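Colleague:
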Amino acid sequence: MAKKETEEVGGDDIISKMKAKGRNILVLYGSQTGTAEDFSAGLAREAHRYEKMKAMVVDPEEIEYEDLGRLSEIPNSVLVFLVATYGEGDPTDNTQTIYDWLQDEEHDESLFEGQKFAVFGLGNKTYEFYNAMGIYFDKRLVELGGERIVDLGLGDDDANIE
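Counting from 8, one number per residue, gives the positions in the sequence shown under our numbering.
1) Exposed or buried, which one is I105 when buried takes at least 16 other CB atoms within 10 Å?
2) Quick check on Q122: buried or exposed, where buried means 16 or more other Cβ atoms within 10 Å of its Cβ?
3) Using alpha carbons as the reference points, say which of V64, N131 and L86 lies closest to G173.
4) Write down every uninterrupted run of the alpha helix (DSSP H) in the stretch 98 to 145 whose length is 4 residues or greater and which is fully enclosed by it, in chain order.
5) Among F88, G162, E135 and N101, which residue has its Cα nearest to the Cα of R147?
6) Using only CA atoms, which one of Y134, E154 and F127 lies nearest to L161?
7) Which same chain residues, not among the five before or five after K10, have their C-beta less than 8 Å away from its C-beta?
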């Protein structure tokens, strides 16, 4: 049986947990079937190969979203979203709440001011709303002041998603 790579957040806020564990990459995944979660675990393993890069993989349902605005308290921090698109261009069950939270027009445009981020969408080109969630998360993080460090990745399960 494979070791579970997703972190249980528990009582402490995500920023305190990351500081305590010496992590500077927060990977949040949106997965309906487990593919994005598996990709997230693989990304975390790869990050650990590089000096000073340590990732924490977390289900977005396990955190308080307001804490994401404090991620810049961690030196060299990076926020990564690996998100699948479900059904008719919808978020997966575990990203529905963070998707709704990000849509809130009340957010200050500097919520993610200077926060480095990356987004990888998991989709299938045969569907009408190909990678709608990856595209949305990438666009919204920029609107809220985030600093994209790599181009939006769009994985296609109809071809080779990797």
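Think of the CB as a built atom: it goes at the ideal place given N, C-alpha and C, for glycine as much as any other residue.
As the structure is a computational prediction, the values presented were derived from the model and not from experiment.
Modeller: According to the structure data:
1) buried
2) buried
3) Limits of the chain in this structure are 8 at one end and 169 at the other, which puts residue 173 out of reach.
4) 103 to 110
5) Of the listed residues, the one whose Cα sits closest to R147 is F88.
6) F127
7) Because K10 sits at a pLDDT of 36, beneath the cut-off of 50, its placement in the model cannot be relied upon, and the point is left open.
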